[in-house]
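Here the structure is laid out as structure tokens; the discussion comes afterwards.
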Amino acid sequence: MEIYENQNIDEKLKKQTQFIEDEKKLNTIVDMEENYLNDINNINMNCLEKISDNCGHESEFNEELFDFVKSYLNKFKERIEKINEIINEQKDDRKELLEKKENLDDYKKELQEEFAKLRREINIENLKADDYIKFSNELSDIESKISELSEHCEKQEKFNQNLKNNLQDLQNLWHKEFQKINREINKLNDKNLSIQIESEYKGNTDEFHNFIVNLVQGSGLRSSNIRNIVESYSDTIEIYFDLYDNNSELAEILSGGSNLQRFREKVNDNLKTFLTFRNPDDYTLYYKDKKLSKHSLGQRASALIIFLLTNKENDLIIIDQPEDDLDNKSIYEDIIKELLDLKEKIQFIFATHNPNIPVLGNSEQIFSCDYFSDNLDVKSGSIDNSEIQKEIVDIMEGGPEAFEKRKEIYITWHK
Numbered sequence: 001m002e003i004y005e006n007q008n009i010d011e012k013l014k015k016q017t018q019f020i021e022d023e024k025k026l027n028t029i030v031d032m033e034e035n036y037l038n039d040i041n042n043i044n045m046n047c048l049e050k051i052s053d054n055c056g057h058e059s060e061f062n063e064e065l066f067d068f069v070k071s072y073l074n075k076f077k078e079r080i081e082k083i084n085e086i087i088n089e090q091k092d093d094r095k096e097l098l099e100k101k102e103n104l105d106d107y108k109k110e111l112q113e114e115f116a117k118l119r120r121e122i123n124i125e126n127l128k129a130d131d132y133i134k135f136s137n138e139l140s141d142i143e144s145k146i147s148e149l150s151e152h153c154e155k156q157e158k159f160n161q162n163l164k165n166n167l168q169d170l171q172n173l174w175h176k177e178f179q180k181i182n183r184e185i186n187k188l189n190d191k192n193l194s195i196q197i198e199s200e201y202k203g204n205t206d207e208f209h210n211f212i213v214n215l216v217q218g219s220g221l222r223s224s225n226i227r228n229i230v231e232s233y234s235d236t237i238e239i240y241f242d243l244y245d246n247n248s249e250l251a252e253i254l255s256g257g258s259n260l261q262r263f264r265e266k267v268n269d270n271l272k273t274f275l276t277f278r279n280p281d282d283y284t285l286y287y288k289d290k291k292l293s294k295h296s297l298g299q300r301a302s303a304l305i306i307f308l309l310t311n312k313e314n315d316l317i318i319i320d321q322p323e324d325d326l327d328n329k330s331i332y333e334d335i336i337k338e339l340l341d342l343k344e345k346i347q348f349i350f351a352t353h354n355p356n357i358p359v360l361g362n363s364e365q366i367f368s369c370d371y372f373s374d375n376l377d378v379k380s381g382s383i384d385n386s387e388i389q390k391e392i393v394d395i396m397e398g399g400p401e402a403f404e405k406r407k408e409i410y411i412t413w414h415k
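First residue of the sequence shown: 1, per full-length UniProt numbering; consecutive thereafter.
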């Protein structure tokens, strides 16, 4: 193009090249408007059909509601029809634009001889006027595409930044949720109970590992690659931030090349699930300074009951036969002592055959139940009621004789 400009060919053909450029721009505008009007018209027609389909619904039991819905849909229909009126007005105005376009086409035909004469007058060796026009058109197309690409890249950059900001906000929300839970855990731990909870933010690496394994299934990635990813990143969002950085730790783990490309493809195929996966926090329960999983079933039950007792969100707790899973020492040390501190704030109901609970727990009200020939006999009263005390000794202690014998044996053991 520089050679043509040095010979002033660009000036001689300026009118023709500018004319071609104007024609292309006008065609672009005409096509853009036509596509837009057609899209709006199709959307509106589809919406009006759906409104018509739903407007006739009748309800026997929600008549008032669907009378409102019908009125609402009619208003919606009216607004769409107003939009159609505006579109029709634009279509009328469009006729004038198309007329201008036809005028330009006619004018172009009139100028053909003038343009041909100018091209013939250009008599420079190895330079053709038609080539300059061809190259000018190609250059104009390239510049237009570069402009579109630059605009697209700018929009993509803004989108990526917005996505990054939103993902960071999501991470912050996850952390705030963990902190809120952790504050409640610390309150529980500060009570110095036999049960303690240890928490770790995003600490459930097993769950994280399983997610990545399922994600890359069929990609041929080695288990060592997956393990290194899980050890190097705290969550999927951190992985995503490094996904297209060829100098990132992720690229180093996957050794770049096809491994990295296959991993990227798997992420993009499952992008929504990948970005919203939360690496779970890890919570470990300790009972008497030992992990709960290392305890017997009875001790685990004891820990669970302690947890329920100390959870002050409940104003009523019902426990059925805790002695089935707990020994007497656990009942006294872990349940009754805590029960005495909480009974003024929480209503407890126990179904039990263990005398320690009503007696040492200083029960306010006791119900003793007996069945006789399909009849239920219920006695009730406070722990200070002599009849209730007799029921406790008879049923829970095996009667006065058994109670006295155990008492004598215990005294003998302690001498």
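Yeah, the Cβ is synthetic: ideal placement off N, Cα and C, and Gly gets one too.
What do you reckon, are the CB atoms on N204 and N279 nearer than 8 Å?
-> yes
Specify, as a first and last residue, the run of the alpha helix (DSSP H) that S223 falls within.
-> S223 to S232
Exposed or buried, which one is K266 when buried takes at least 16 other CB atoms within 10 Å?
-> buried
Leaving aside the five residues before and after D377 along the sequence, list all residues of the same chain whose C-beta is less than 8 Å from its C-beta, in chain order.
-> C369, D370 and Y371
What are the start and end residues of the alpha helix (DSSP H) that includes N356?
-> N356 to L360
Sequence-distant residues of its chain with Cβ nearer than 6 Å to I319 (five each side left out) = F350
May I ask which residues mark the beginning and end of the beta strand (DSSP E) holding F372?
-> I366 to F372
Roughly how many angstroms separate the alpha carbons of L104 and L37, rounded to a whole number?
-> 23 Å
When we look at the beta-carbon of Y72 and count the other beta-carbons within 10 Å, is it buried (16 or more) or exposed?
-> exposed
Give the C-beta separation of I357 and I383 to the nearest angstrom, bearing in mind that I take them to be a contact with Cβ-Cβ under 8 Å.
-> With 8 Å as the limit, I357 and I383 do not qualify as a contact, their Cβ atoms being about 11 Å apart.
Do you know how far the Cα of N362 is from the Cα of E345?
-> For the record, residue 345 in the displayed sequence is Lys; it is not Glu. Between K345 and N362, the C-alpha separation is close to 15 Å.
Cβ-based burial, S373 [other Cβ within 10 Å; buried from 16] | exposed
What residues in its chain sit with their C-beta under 7 Å from that of K288, if we drop five residues either side in the sequence?
-> S194
Euclidean distance between Cα positions of I392 and D341 = 23 Å
Would L215 pass as a contact of F135 if the rule is Cβ separation under 8 Å?
-> no
Measure how close the beta-carbons of D325 and A301 come, nearest whole angstrom, since I'm counting them as under 8 Å.
-> 4 Å
Assign F159 to one of two classes, buried (16 or more other C-beta atoms within 10 Å of its C-beta) or exposed (fewer than that).
-> exposed
I3 versus N137: straight-line alpha-carbon distance, rounded | With a pLDDT of 48 at I3, under the threshold of 50, the modelled position of this residue cannot be trusted; read the value that follows with caution. The alpha-carbon atoms of I3 and N137 are separated by roughly 16 Å.
With 16 as the cutoff for other CB atoms within 10 Å, does T284 come out buried or exposed?
-> exposed
Going by DSSP, what residues sit across from V378 in a beta bridge?
-> C369
Taking all protein chains shown into account, do 16 or more other C-beta atoms lie within 10 angstroms of the C-beta of I331, making it buried, or fewer, making it exposed?
-> buried
Taking Q321 as the reference, which of E313, D315, I305 and E333 has the closest Cα?
-> I305
So, helix, strand or coil for Q7, using DSSP?
-> Because the pLDDT at Q7 is just 45, under 50, the model does not fix this residue reliably, and the value given afterwards should be weighed accordingly. Correct three-state label for Q7: coil.
Measuring CA to CA, which of D242, L250 and I237 is closest to E272?
-> Reading the sequence as shown, one finds Lys at residue 272 and not Glu. Among D242, L250 and I237, the Cα nearest to that of K272 is on I237.
Kindly indicate which residue of G220, I229 and I197 has the alpha-carbon position closest to the one of F211.
-> I229
Buried or exposed: which applies to N402, given that a residue is buried once 16 or more other Cβ atoms fall within 10 Å of its Cβ?
-> Contrary to the premise, residue 402 reads as Ala rather than Asn in this sequence. Label assigned to A402: exposed.
In the structure shown, what three-state DSSP assignment does Y283 receive?
-> strand
Start and end residues, beta strand (DSSP E) containing S199 | I195 to E200
Output the residue ranges of the alpha helix (DSSP H) runs that lie fully inside the region 30-97 and measure 4 residues or longer, sorted by chain position.
-> none
Please classify I388: is it buried, with 16 or more other beta-carbons within 10 angstroms of its beta-carbon, or exposed?
-> buried
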